[in-house]
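Each remark here refers to the structure printed beneath this line.
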Amino acid sequence: MGRNVRRVAILGGGITGLSAAFYLKRHARERNMDVEVTVLEASGRLGGKVNTLRKEGFVIERGPDSFLGRKLPMLHLARDLGLLDELVGTNPQATKTYLASGGSLKPMPKGINLGIPNNLGLFARTSLVSPHGKLRALDEMRIAPREGDGDESIGAFLERRLGREMVEKIAEPLLAGIHSGDLYKLGLAATFPEFREMEKKHGSLIRGMMEAKRLAPTAGAQAAKARAEAVGGYPIPPTVFLTFRNGLSTVIEALEKHLREDGTEIRLGGEVVRLEKASAAYRLHLKDGSALEADAVLLTMPGYASLPLLAPHMELGPLGDMEYVSVANVVFAYDGKGFGHRLDGAGFLVPHSEGLTITASTWTSAKWGHTAPADKRLIRCYVGHAGDDSDVELSDEEMTDRVRSDLRTLMGLAAEPQFVEITRLRRGMPQYGIGHAEHVAAFRKRLAAALPGIFATGASFDAVGLPDCVRMGQDAAEQLLAFGE
Numbered sequence: 001m002g003r004n005v006r007r008v009a010i011l012g013g014g015i016t017g018l019s020a021a022f023y024l025k026r027h028a029r030e031r032n033m034d035v036e037v038t039v040l041e042a043s044g045r046l047g048g049k050v051n052t053l054r055k056e057g058f059v060i061e062r063g064p065d066s067f068l069g070r071k072l073p074m075l076h077l078a079r080d081l082g083l084l085d086e087l088v089g090t091n092p093q094a095t096k097t098y099l100a101s102g103g104s105l106k107p108m109p110k111g112i113n114l115g116i117p118n119n120l121g122l123f124a125r126t127s128l129v130s131p132h133g134k135l136r137a138l139d140e141m142r143i144a145p146r147e148g149d150g151d152e153s154i155g156a157f158l159e160r161r162l163g164r165e166m167v168e169k170i171a172e173p174l175l176a177g178i179h180s181g182d183l184y185k186l187g188l189a190a191t192f193p194e195f196r197e198m199e200k201k202h203g204s205l206i207r208g209m210m211e212a213k214r215l216a217p218t219a220g221a222q223a224a225k226a227r228a229e230a231v232g233g234y235p236i237p238p239t240v241f242l243t244f245r246n247g248l249s250t251v252i253e254a255l256e257k258h259l260r261e262d263g264t265e266i267r268l269g270g271e272v273v274r275l276e277k278a279s280a281a282y283r284l285h286l287k288d289g290s291a292l293e294a295d296a297v298l299l300t301m302p303g304y305a306s307l308p309l310l311a312p313h314m315e316l317g318p319l320g321d322m323e324y325v326s327v328a329n330v331v332f333a334y335d336g337k338g339f340g341h342r343l344d345g346a347g348f349l350v351p352h353s354e355g356l357t358i359t360a361s362t363w364t365s366a367k368w369g370h371t372a373p374a375d376k377r378l379i380r381c382y383v384g385h386a387g388d389d390s391d392v393e394l395s396d397e398e399m400t401d402r403v404r405s406d407l408r409t410l411m412g413l414a415a416e417p418q419f420v421e422i423t424r425l426r427r428g429m430p431q432y433g434i435g436h437a438e439h440v441a442a443f444r445k446r447l448a449a450a451l452p453g454i455f456a457t458g459a460s461f462d463a464v465g466l467p468d469c470v471r472m473g474q475d476a477a478e479q480l481l482a483f484g485e
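Sequential numbering from 1 applies to the sequence shown in UniProt numbering.
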């Protein structure tokens, strides 16, 4: 049983920290507990990577642009904030995705899901994989599962199952982009554990994916039912990805409003530089020279910012050496007149072997109808990946020139943009290495022993998607309340 928690400090004003504060106050009130909550955000704005720019009729995301609708925590939060009527889905006509190959765009091969064949007839027709590569991939159905439960990299796992060519040409642009990572360094257990479970259950990824496709109608109906139940039957757009009509910052703005009205103190520019044990509490020393005492503390910042506060008090273990990749988003706004491309899909992916600056592009105004006026076009391009994120530090002019050159090469797009917005997310993508899940579990065990009442969560520890960040905030709120009872 912990000490009587009356004062809680939450470090980090991103969606994880704000969600934790929101549910902490909500659940404390339901349990007749009096909890003072202070959110300390080092920067001058809330939201972390969630950052919507509304400009000249455009809705531009400078960080994530959507979330998975099947993951319910974000829908619960939208319901609790009264934002369900703001939800929008993707354009049902923008389903096609392209893959850069040999300096041009080719339709993503059919019969493949997450880089794994699920329709052998359709897979056999693709020209993006050589005949030898296809035969090697189909051999996967005869390869016995690996024994034991030890972690391995995604790249090693998929190469073992499907062959090197499938990894380089198909899986890498599809999967690595989620983490901007190197598939041969990212751990399978922390990123795509379903692949290992599929191998165990079906003895083959291909057989597992074919079975998943067979069951898709049933699974889809169940997911739709769960989604409807999660929001009390409110009609949610039935697309895989969702966002808010005025951008993802809508949820950040609503959280801030509710928190301030609920008495939560929010300090911008509240960078904590040192954490000190102080009798029955903790003292947080801020960069501006002030100090704050708290009975419990939740750290939700990136690991590279939170772990140094803990280092004087405990062993950090492998998490102390965690790698982060920098990325940049380059957004082009165009006038539709003379644009010169029909944007007949959601965008394209670029394998690293193509040697381009762009790693992927979203045709935003085609995928999300609310993001641009009817006579305008919006395209977002991504720069930077594991092993080579130096392009992120190019000057705005040089980055713009390189990305436009890639668009001319791949799309034949020569139109002059109305304006360009560049956002650099330095060290923005944590890299979950081999054994990451075990390292996090061991770290939290040491943290609980060394600093009871100090908790750490966020994208550096558990997951990068917005619903997962909300879930982590909810879980942290429960931990804080349980500690104080």
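Backbone N, C-alpha and C define an ideal beta-carbon position, used for all residues, glycine too.
Just so it is clear, the structure is predicted and the values come from calculations on it, not from any experiment.
Note to self: If the criterion is Cβ atoms closer than 8 Å, does the pair T16 and M472 meet it?
What the structure shows: The count along the sequence shown starts at 1 and reaches residue 16 at position 16. The count along the sequence shown starts at 1 and reaches residue 472 at position 472. In this structure, M472 lies closer than 8 Å to T16 by Cβ.
Item checked: Boundaries (first-last residue) of the beta strand (DSSP E) holding F244 -> One-based indexing of the sequence shown puts residue 244 at position 244. First-last of the beta strand (DSSP E) with F244: F241 to F244.
Notebook entry, point to check: So residue 487 packs on F348, CB below 8 Å; how close in whole Å?
Noted result: With the chain represented from 1 up to 485, any question about residue 487 goes unanswered, as that position is not in the structure.
Notebook entry, point to check: Which runs of the alpha helix (DSSP H), 4 residues or longer, sit entirely within the stretch 310–371?
Noted result: 364–367
Checklist line | One or two residues paired with K106 in a DSSP bridge | finding: What you label residue 106 is simply residue 106 of the sequence shown in a count that begins at 1. According to DSSP, which records beta bridges pairwise, K106 is partnered with L99.
Notebook entry, point to check: Would you report the Cα separation of K134 and A124, rounded to the nearest angstrom?
Noted result: As a first step, residue 134 must be located in the sequence shown, where it is residue number 134. As a first step, residue 124 must be located in the sequence shown, where it is residue number 124. Straight-line Cα distance between these residues: approximately 7 Å.
Notebook entry, point to check: Counting pairs of Cβ atoms below 8 Å between the stretch 281–296 and the stretch 430–447, do you hit three or more?
Noted result: no
Notebook entry, point to check: With a Cβ-Cβ cutoff of 8 Å, do D389 and T357 count as a contact?
Noted result: As a first step, residue 389 must be located in the sequence shown, where it is residue number 389. As a first step, residue 357 must be located in the sequence shown, where it is residue number 357. No, Cβ-Cβ distance for D389 and T357 is not below 8 Å.
Notebook entry, point to check: Is the beta carbon of L175 less than 8 Å from the beta carbon of G247?
Noted result: On the sequence shown, position 175 is the one that residue 175 refers to. On the sequence shown, position 247 is the one that residue 247 refers to. No, the pair does not count as a contact, with Cβ atoms beyond the cut-off.
Next item on the list: Please classify L378: does DSSP put it in a helix, a strand, or coil?
Entry: Here residue 378 is taken as the residue at index 378 of the sequence shown, counted from 1. If DSSP states are grouped into helix, strand and coil, L378 belongs with the strands.
Notebook entry, point to check: Helix or strand or just coil, what does DSSP make of I422?
Noted result: As a first step, residue 422 must be located in the sequence shown, where it is residue number 422. Residue state, collapsed to three classes: strand.
Margin query: Quick test of your reading: K185 and A386, contact by CB under 8 Å. State the CB separation rounded to the nearest angstrom.
Written below: Along the sequence shown, read from residue 1 onward, the residue named residue 185 stands at position 185. Along the sequence shown, read from residue 1 onward, the residue named residue 386 stands at position 386. Rounded, the Cβ-Cβ distance is 7 Å, consistent with contact.
Next item on the list: Give a yes or no on whether the C-beta atoms belonging to G458 and T300 are separated by under 8 Å.
Entry: For this step, residue 458 is matched to residue 458 along the sequence shown. For this step, residue 300 is matched to residue 300 along the sequence shown. Cβ atoms of G458 and T300: closer than 8 Å.
Next item on the list: Counting only the same chain and skipping the five closest in sequence on each side, list residues whose C-beta sits under 8 Å from that of K201.
Entry: If you number the sequence shown from 1, residue 201 lands on position 201. G208, listed in sequence order.
Notebook entry, point to check: Using 8 Å as the threshold, is the stretch 365–372 in touch with the stretch 302–311, meaning 3 or more CB pairs across them?
Noted result: no
Check: Taking the DSSP output, what are the residues bridged to G14?
Finding: Residue numbering aside, residue 14 sits at position 14 when the sequence shown is read from its first letter. BP columns for G14 point to G47.
Checklist line | Rounded straight-line distance, which links the Cα of V59 to that of P73 | finding: Position 73 of the sequence shown, counted from the start, is the residue given in the question as residue 73. Position 59 of the sequence shown, counted from the start, is the residue given in the question as residue 59. When rounded, the distance between both Cα atoms is 24 Å.
Margin query: Spatial neighbours of L105 within its chain, please: C-beta separation below 8 Å, excluding the five flanking residues on both sides.
Written below: As a position in the sequence shown, residue 105 is number 105, starting the count at 1. The answer, listed in chain order, is Y98, L99, F348, L410 and M411.
Checklist line | Cβ neighbour criterion (16 or more within 10 Å) applied to R408 | finding: Looking up residue 408 in the sequence shown gives position 408. Within a 10 Å sphere around the beta-carbon of R408 sit fewer than 16 other beta-carbons, which makes this residue exposed.
Check: Out of curiosity, what's the CA-to-CA distance linking P417 and T243?
Finding: Taking the first residue of the sequence shown as 1, we reach residue 417 at position 417. Taking the first residue of the sequence shown as 1, we reach residue 243 at position 243. So the two alpha carbons sit approximately 25 Å from each other.
Margin query: If you follow the alpha helix (DSSP H) that A223 is in, where does it begin and where does it stop?
Written below: Position 223 of the sequence shown holds residue 223. Here the alpha helix (DSSP H) through A223 covers A216 to A230.
Next item on the list: Give me whichever residues DSSP pairs with K277 in a beta bridge.
Entry: Numbered from its first residue, the sequence shown carries residue 277 at position 277. K277 pairs with Y282.
Checklist line | Collapsed DSSP secondary structure at P193 in the structure displayed | finding: Numbered from its first residue, the sequence shown carries residue 193 at position 193. Correct three-state label for P193: helix.
Next item on the list: Kindly identify the DSSP beta-bridge partner or partners of A9.
Entry: As a working mapping, residue 9 is identified with position 9 in the sequence shown. According to DSSP, A9 bridges with T38 and V297.
Checklist line | P193, buried or exposed, once every other Cβ within 10 Å from all chains shown has been counted against 16 | finding: Locating residue 193 in the sequence shown gives position 193, where the first residue counts as 1. The residue is exposed, with fewer than 16 neighbouring Cβ atoms inside 10 Å.
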